[in-house]
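Keeping their order, the protein sequence lines are chains A and B.
With the working numbering as the guide, the letters of the first sequence map in order to residues 569 to 715.
With the working numbering as the guide, the letters of the second sequence map in order to residues 569 to 715.
Every residue, glycine too, gets a C-beta built ideally from N, C-alpha and C.
All figures in this text were calculated on a predicted structure; none of them were measured in a lab.
In what follows, a single structure is set out as structure tokens and then discussed.
Number of protein chains: 2
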Amino acid sequence: MTEQEIRDQFRQAGYTLTSQRRAVLEALKDSKGHPSAEDVYLTVKRKNPRVALGTVYQALSVLEEIGVIGSKHWSESPTRYDLNIEPHLDIRCVKCGEVSEIPGVGLGDLESRLRENTAYEVTNTMMLVEGVCPACRKKDKERAKLL
Amino acid sequence: MTEQEIRDQFRQAGYTLTSQRRAVLEALKDSKGHPSAEDVYLTVKRKNPRVALGTVYQALSVLEEIGVIGSKHWSESPTRYDLNIEPHLDIRCVKCGEVSEIPGVGLGDLESRLRENTAYEVTNTMMLVEGVCPACRKKDKERAKLL
DNA sequence: TTCAGATCAGGAATGGTTATTGATCGACTT
DNA sequence: AAGTCGATCAATAACCATTCCTGATCTGAA
């Protein structure tokens, strides 16, 4: 999404693109992962130590509301934010909490099929996957050897 | 799942099927929906007022651990529990919070495809869908008329 | 029955998130 | 440039689902 598109999104929704909101967006771009609000807060704070955690939460919720960012919430861990707003698969390691995308696998026609099979007006779909990341699998194997 | 199967699940995992855990299971059966821990607590309490909310949480987590029940966690609402442990689609109304299943739509080969495309060892997959339920859509329409 | 370990009730504590409040900012007018 | 009004902000308190902790109680094996 270009700078101009983002600016338009803000204007359309009646919000302004303030320096704090821009800083939160920049932090998301820099981390390139799936940071939590806390992670974003720490990144933003490096450049502007006066920012409060609450401000980051507020900025994130505005950014999500106007459709510039997306979020996913696995239980037992804070909500993760993401610049990728397309439906896609994210997997979270149940050992270390790391979140990463699973490339090359789409939801196919799943969304259209479910729209056909429910009387609800579907507004959002999320696929949450949990597993053990390669690094943690390796650790587990090494620990198993010692026993 | 039969009484005997459930009993076996407990024994295999080294847990005992106590009266409280049985009561929690019964409450889940009775509600037939997707109750929260609080809902289960209130149901259980009707028959046994001495049960504490913490006990219900503990029982639910044991039941989930041994694979007798499943759970799903939408952000902005408490975790919902479910006797249906097969992978399936649940939709939550963003207005009233009601959760219901979407029958007739399966995940297809999605799970096998994602296993092929990640180095993680996949342990759990969840599909979370949000929307507006028919009742709330109707309410919205009626309110729109008045304006 | 007795004992050891599992489980329980009750309540305090935790942690992510939201609400509140007074201060500050920023665009627009004069 | 100064004034004005609403939006936004920082800081902190509050919230709420969930977990943790403690001493009491129950359960099942011997």
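* Asked: In the segment 572–605 of chain B, which residue ranges form an unbroken alpha helix (DSSP H) of at least 4 residues, counting only runs that do not cross its ends?
  -> 587–599
* Distance between residue 668 of chain A and residue 595 of chain A (C-alpha atoms, nearest Å) -> Position 27 of the first sequence, counted from the start, is the residue given in the question as residue 595 of chain A. Position 100 of the first sequence, counted from the start, is the residue given in the question as residue 668 of chain A. Roughly 17 angstroms between the two C-alpha positions.
* Could you check what DSSP says for residue 643 of chain B in three-state terms: helix, strand or coil? => Stepping through the second sequence from its first residue, residue 643 of chain B is reached at position 75. It is coil, neither helix nor strand.
* What's the gap between the Cα of residue 590 of chain B and the Cα of residue 626 of chain B? -> Along the second sequence, one-based indexing puts residue 590 of chain B at 22. Along the second sequence, one-based indexing puts residue 626 of chain B at 58. Between residue 590 of chain B and residue 626 of chain B, the C-alpha separation is close to 13 angstroms.
* Nearest-angstrom beta carbon gap, residue 689 of chain B and residue 699 of chain A [assumed within contact, 8 angstroms] -> Position 131 of the first sequence, counting from 1, holds the residue named residue 699 of chain A. Position 121 of the second sequence, counting from 1, holds the residue named residue 689 of chain B. With a Cβ gap of about 5 angstroms, residue 699 of chain A and residue 689 of chain B count as contacting.
* **Proximity winner among A:607, A:659, A:634 and A:674, relative to residue 575 of chain A (alpha-carbon distances)** => As a first step, residue 575 of chain A must be located in the first sequence, where it is residue number 7. Out of A:607, A:659, A:634 and A:674, A:634 has the C-alpha closest to the C-alpha of residue 575 of chain A.
* Asked: Taking Cβ-Cβ distances shorter than 9 angstroms, what residues in chain A pair up with residue 664 of chain B?
  -> For the purposes of this step, residue 664 of chain B is identified with residue 96 of the second sequence, where counting begins at 1. Under the 9 angstroms cutoff, chain A gives no residues; its nearest Cβ is about 11 angstroms from residue 664 of chain B.
* Can we say the segment 644–651 of chain A touches the segment 598–612 of chain A, given the rule of at least three CB pairs closer than 8 angstroms? -> yes
* To do: Report the residues of the segment 643–657 of chain B with a CB closer than 9 angstroms to any CB of chain A, ordered along the chain.
  => 643, 644, 647 and 657
* **Where residue 664 of chain B falls, given that 16 or more other Cβ within 10 Å makes a residue buried** => Within the second sequence, numbered from 1, the residue matching residue 664 of chain B stands at position 96. Exposed, since its Cβ has fewer than 16 Cβ neighbours within 10 Å.
* Since residue 708 of chain A is in the alpha helix (DSSP H), which residue starts that stretch and which ends it? -> The residue you call residue 708 of chain A lines up with position 140 of the first sequence. 702–714 is the extent of the alpha helix (DSSP H) around residue 708 of chain A.
* Asked: Which residues share a DSSP beta bridge with residue 695 of chain A?
  -> On the first sequence, residue 695 of chain A is found 127 positions in, with the first residue counted as 1. In the DSSP output, where bridge partners are listed per residue, residue 695 of chain A has A:657 and B:695.
* Using a Cβ-Cβ cut-off of 8 angstroms, state whether residue 641 of chain A counts as contacting chain B. => Taking the first sequence and counting its residues from 1, one reaches residue 641 of chain A at position 73. True, the Cβ-Cβ gap to chain B drops below 8 angstroms.
* 8 angstroms Cβ cutoff met for residue 675 of chain B and residue 695 of chain B -> As a working note, residue 675 of chain B is residue 107 in the second sequence. As a working note, residue 695 of chain B is residue 127 in the second sequence. Closer than 8 angstroms, so yes.
* Could you tell me how far apart the beta carbons of residue 577 of chain B and residue 624 of chain B are, in whole angstroms, since I believe they sit closer than 8 angstroms? => Your numbering for residue 577 of chain B matches position 9 in the second sequence. Your numbering for residue 624 of chain B matches position 56 in the second sequence. At roughly 19 angstroms, the Cβ-Cβ gap does not stay under 8 angstroms, so residue 577 of chain B and residue 624 of chain B are not in contact.
* To do: Might you give, ordered along the chain, the residues of its own chain that have their beta carbon closer than 7 angstroms to the beta carbon of residue 616 of chain B, omitting 5 neighbours on each side?
  => Start at 1 with the first residue of the second sequence, and residue 616 of chain B comes out as number 48. Closer than 7 angstroms at the Cβ level, and outside the excluded window around residue 616 of chain B, lie 591.
* What number of angstroms, rounded off, separates the C-alpha of residue 701 of chain A from the C-alpha of residue 629 of chain A? -> Along the first sequence, read from residue 1 onward, the residue named residue 701 of chain A stands at position 133. Along the first sequence, read from residue 1 onward, the residue named residue 629 of chain A stands at position 61. Looking at the two C-alpha atoms, the distance is approximately 29 angstroms.
* Asked: Leaving out five residues before and five after residue 645 of chain A in sequence, what residues of the same chain have Cβ atoms less than 6 angstroms from its Cβ?
  -> Within the first sequence, the letter at position 77 stands for residue 645 of chain A. Around residue 645 of chain A: 665.
* Are the C-beta of residue 670 of chain A and some C-beta of chain B separated by less than 8 angstroms? -> Mapped onto the first sequence, residue 670 of chain A falls at position 102. True, the Cβ-Cβ gap to chain B drops below 8 angstroms.
* For the beta strand (DSSP E) holding residue 648 of chain A, just list the boundary residues, first then last. => For the purposes of this step, residue 648 of chain A is taken as the residue at position 80 of the first sequence. Unbroken beta strand (DSSP E) run through residue 648 of chain A: 648–650.
* To do: Give every residue of the same chain whose Cβ lies closer than 8 angstroms to the Cβ of residue 619 of chain B, excluding the five residues on either side of it in the sequence, and list them in chain order.
  => For this step, residue 619 of chain B is matched to residue 51 along the second sequence. Cβ neighbours of residue 619 of chain B beyond the five flanking positions: 588, 591, 609, 612 and 613.
* **Three-state secondary structure (DSSP) of residue 635 of chain B** => For the purposes of this step, residue 635 of chain B is identified with residue 67 of the second sequence, where counting begins at 1. In this structure, residue 635 of chain B counts as coil in the three-state DSSP scheme.
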